[in-house]
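Quick notes on the structure that follows.
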Amino acid sequence: MQALILTIGDEILLGQTIDTNSAWIGQQLNAIGIQVTRRITVGDTLESISSSLQEGWSSYDLVIMTGGLGPTKDDITKTAIASFFQVEMVFSEDTYARILRIFDRLGRPATEAHRAQCFMPANAQLLPNSMGTAPGMWIKQDHKILISLPGVPYEMKSIMTEAALPRLRQQPGLIPIFHHTLLTAGLGESEIASRLSNIEENLPDHLKLAYLPALGQVRLRLSAYGGDARVREAEMETIADQIRGSLGQAIYAEGDTSLEACLGELLLVRGLTLATAESCTGGAIAQAITSVAGASRYYLGTMVAYHNELKTKHLGVPPEILASEGAVSRPVVEQMVRGILSTYQADVAISASGVAGPGGGTPDKPVGMIWIAVGNQQDIRTRQLKLGKNRSTNIEATAILAMNELRLWLLDHPELTGSGMPF
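Numbering (numbering that gives the first Met the number 0), first residue to last: 0 to 422.
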């Protein structure tokens with residue numbers, strides 16, 4: 000079964016709202032063997048909705064629409080659907096009674112607009128909305144299915160989960176899709192593709208390998224189409240083992256997790272505490288680390304020493320090194336690690352100093368040159384990053400690569416353990 004997702008709303012086209020609905024719907028459909036092969040976003044006009052619905056209905060087995068079911072004048076999705084199928088709009092007493100109960104609990108009267116919201120295409124089966132006033136709609140005709148959902152994400156998810164997905168699972172002819180995901184950091188997409196070229200060339204037709212790159216990371220997704228689940232999972236595990244052999248420690252986890260969570264688990268298992276000293280990243284490394292629930296069990300804190308005087312005062316960076324080498328240098332990030340280890344009494348540390356941009360670069364130290372350091376008092380590892388011109392991208396990439404550098408350092412020091420938090 001192939002599907003089209005049709006998203007409706009001027010606010011999406013104008014960039015005022017990000018369409019997260021389509022991504023979530025696509026994930027849910029993929030999990031039950033329905034392939035989304037196209038996504039369309041249109042504005043709140045009858046003509047654009049109708050023409051897109053015509054295109055989708057003629058070409059796809061399933062069309063899922065989101066948006067345009069509310070009580071305002073620009074919510075015209077139901078009108079477009081009724082016109083397309085050439086059916087009348089009928090009043091839903093059950094929907095109106097439910098809306099009246101909702102407003103009675105709120106202590107407010109329902110408006111005439113809410114009553115108008117209860118008119119539905121005559122051929123639609125209503126899908127209950129436990130989170131709002133607008134029900135979803137299910138129309139099955141000519142061996143095709145149309146599902147119309149509210150655009151509010153939590154309402155859409157509620158209807159999909161409770162009503163639409165159970166019905167879709169019962170449709171005949173669904174081909175199951177199985178996935179196995181490997182998460183990598185520190186290697187670029189082209190480098191990974193080069194290492195895996197022989198593996199890819201020998202994949203059977205029912206197995207696919209997708210590269211999903213992000214800043215400093217690449218998600219590798221193996222997909223198997225059809226067949227027995229145990230057989231396909233065994234096949235994917237065999238391929239995954241070959242990938243592990245080719246990429247080694249660049250793979251930080253499998254499944255659905257994050258680099259910062261993986262690093263945190265590694266620290267927690269070892270009983271190690273972590274502190275960070277940041278300059279150009281301005282606390283981004285700390286933010287990433289503390290985004291993981293339970294980070295307080297291993298993370299002590301950060302020192303954002305943006306000005307050189309603070310690097311000297313709080314982290315012990317000698318003024319003569321700053322004068323001779325500059326803040327963007329190996330000796331400075333090494334001393335930042337030593338300083339934060341001493342100040343916070345941490346077992347291991349991360350530091351970063353560089354030119355995030357867009358200004359401030361020189362011929363010797365251009366925008367995007369950033370030094371990072373990781374380690375403990377006995378062994379500090381440094382790395383020079385050569386990134387791009389975009390400030391926010393440089394900061395985010397530095398945080399990712401610095402965390403990954405510490406992960407690799409810890410893997411190279413398997414003997415290192417600690418006693419956990421000192422308080």
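Quick reminder that beta carbons are idealized off the backbone N, C-alpha and C, glycines included.
Item, Value
"The alpha helix (DSSP H) that contains Q241, what's its start and end?", "228-246"
"DSSP three-state call for L5: helix, strand or coil?", "strand"
"Cβ of I349 within 8 Å of Cβ of G215?", "no"
"Using a Cβ-Cβ cutoff of less than 6 Å, which residues in the same chain neighbour I80 once the five nearest sequence positions on both sides are dropped?", "P120"
"Please classify K77 as buried or exposed, where buried requires at least 16 other C-beta atoms within 10 Å of its C-beta.", "buried"
"Could you check if L405 belongs to the surroundings of the ligand ADP, using beta carbon to heavy atom distance under 7 Å?", "With respect to the ligand ADP, the structure offers nothing, as it holds no ligand at all."
"Quick check: L415 and R296, are their CB atoms within less than 8 Å of each other?", "no"
"Does the distance from the C-beta atom of D166 to that of W137 stay below 8 Å?", "Here the sequence assigns Arg to residue 166, which means Asp is not the residue at that position. Result yes, Cβ atoms of R166 and W137 sit closer than 8 Å."
"Is it the case that the segment 271-282 contacts the segment 389-403, given that we only count it when at least three CB pairs across the two stretches are under 8 Å?", "yes"
"Assign D346 to buried or exposed, taking buried as 16 or more other Cβ atoms, counted over all protein chains shown, within 10 Å of its Cβ.", "buried"
"Please state if the CB of V332 and the CB of I288 are separated by a distance shorter than 8 Å.", "no"
"In terms of residue numbering, what span does the beta strand (DSSP E) encompassing T301 cover?", "298-303"
"How is R168 classed by DSSP in three states: helix, strand or coil?", "helix"
"Helix, strand or coil for Q376 per DSSP?", "coil"
"Who are the Cβ neighbours of L145 in its own chain at under 6 Å, not counting the five residues just before and after it?", "V62, I138"
"Going by the DSSP bridge assignment, what does K139 pair with across the sheet?", "I144"
"So does the segment 187-196 actually touch the segment 153-166, counting three or more Cβ pairs closer than 8 Å?", "no"
"Please report the distance separating the alpha-carbon of S91 from that of I176.", "38 Å"
"Apart from the five residues just before and just after R380, which ones in its own chain have a Cβ nearer than 6 Å to its Cβ?", "V373, G374, W408"
"Taking the straight line between their C-alpha atoms, what separation do you get for H412 and A355?", "31 Å"
"Hey, could you find the ends of the alpha helix (DSSP H) A350 is sitting in?", "According to the sequence as given, residue 350 is Ser; it is not Ala. It is not in any alpha helix (DSSP H) - S350 instead sits in the beta strand (DSSP E) that spans 347-353."
"Which ranges does the alpha helix (DSSP H) cover as unbroken runs of at least 4 residues, wholly within the segment 255-302, from first to last along the chain?", "258-269, 283-289"
"Please say whether P152 and N29 have beta carbons closer to each other than 8 Å?", "no"
"To the nearest angstrom, how far is the alpha carbon of A133 from that of C117?", "8 Å"
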